[in-house]
Structures are given as structure tokens and as C-alpha cells.
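Q: My structure is below; once you've seen it, I'll send some questions.
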Amino acid sequence: MKCIICGENEATIPDRNEGPWGKRKKVCKECHTNRLRNDFIGILEIERKRRQTAAEQEGCPHKNIQTAWSYIPGECVKQPDYEQCVDCGEIF
Ligand SMILES: [Zn+2]
Ligand SMILES: [Zn+2]
Numbered sequence: 004m005k006c007i008i009c010g011e012n013e014a015t016i017p018d019r020n021e022g023p024w025g026k027r028k029k030v031c032k033e034c035h036t037n038r039l040r041n042d043f044i045g046i047l048e049i050e051r052k053r054r055q056t057a058a059e060q061e062g063c064p065h066k067n068i069q070t071a072w073s074y075i076p077g078e079c080v081k082q083p084d085y086e087q088c089v090d091c092g093e094i095f
């Protein structure tokens, strides 16, 4: 049984769309991993949009500031590099 997505590799993982009852192996590992990655990217994208919208609606008063740290070359010391608004991405 070949993978139903790429049609090249041997299917080793059941198609998750069939739910827990899907026992027949239909997709290969690569395609399965790809799918998971796409899901993850999708979630990040939704989260990003949500934040952006919230920031726009509020006119972004920069409530969520995060500090980016950088390493001083040659020394194992971190120094604050810059501060960035988590919502609108503005750097201070
Ligand atoms: Zn495949
Ligand atoms: Zn902001």
C-alpha cells in the first residue's frame, strides 16, 4: 500500500481523518510529518492574526513588552538587546 498523498513511499501511518478506527495504513511518515507541520503553522498564523487584531482594536498601548536578550561575544553574559511590543511588534 502506497502513501495516498505522495503515492511514492510505503504507507506506514493510518490516515488520521478516519479517526481512531482508521487502522489501515495510508500515509507515509514524511507526509504525516508534513501535515503536522502545516497544522502547527496554521495555528501560529491564527494566533498571530488574533494578536494583531487585538492590537489594532486597542490602538496598541504596548502593554506586553518583551525584552530580547543577546550574548556578548566572547563572554557568557547576556545583555538586554532591545525591547519589543508583543502585540504590534514595535521595537523600542
Ligand atoms: Zn507520502
Ligand atoms: Zn504595541
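For the sequence shown, the numbering used here assigns the number 4 to the initial residue and increments by one for each residue that follows. Ideal placement from N, C-alpha and C gives every residue a C-beta, glycine not left out. Remember, predicted model here, so these are calculated numbers, not experimental data.
Got a sec: does ligand 2 put a non-hydrogen atom nearer than 7 angstroms to the Cβ of Ala57?
A: Working through the sequence shown from its first residue, we reach residue 57 at position 54. No, the beta carbon of Ala57 sits no closer than 7 angstroms to any heavy atom of ligand 2.
Q: Restricting to Cα atoms, I'd like to know which of Glu59, Tyr74, Val89 is closest to Gln82.
A: Numbered from 1 along the sequence shown, position 79 holds the residue referred to as residue 82. Looking at the Cα atoms, Tyr74 is the closest of the given residues.
Q: Using a Cβ-Cβ cutoff of less than 7 angstroms, which residues in the same chain neighbour Ala58 once the five nearest sequence positions on both sides are dropped?
A: As a first step, residue 58 is located in the sequence shown; it is residue number 55 there, counting from the start. Excluding sequence neighbours, Ala58 sits near Asp90, Cys91.
Q: Classify Val30 as buried or exposed, calling it buried when 16 or more other Cβ atoms lie within 10 Å of its own Cβ.
A: Within the sequence shown, residue 30 is the residue found at index 27, counting from 1. Buried is the call here.
Q: Determine, using beta carbons only, whether Ala14 and Lys28 come nearer to each other than 8 angstroms.
A: Indexing the sequence shown from 1 puts residue 14 at position 11. Indexing the sequence shown from 1 puts residue 28 at position 25. Yes. Within cutoff.
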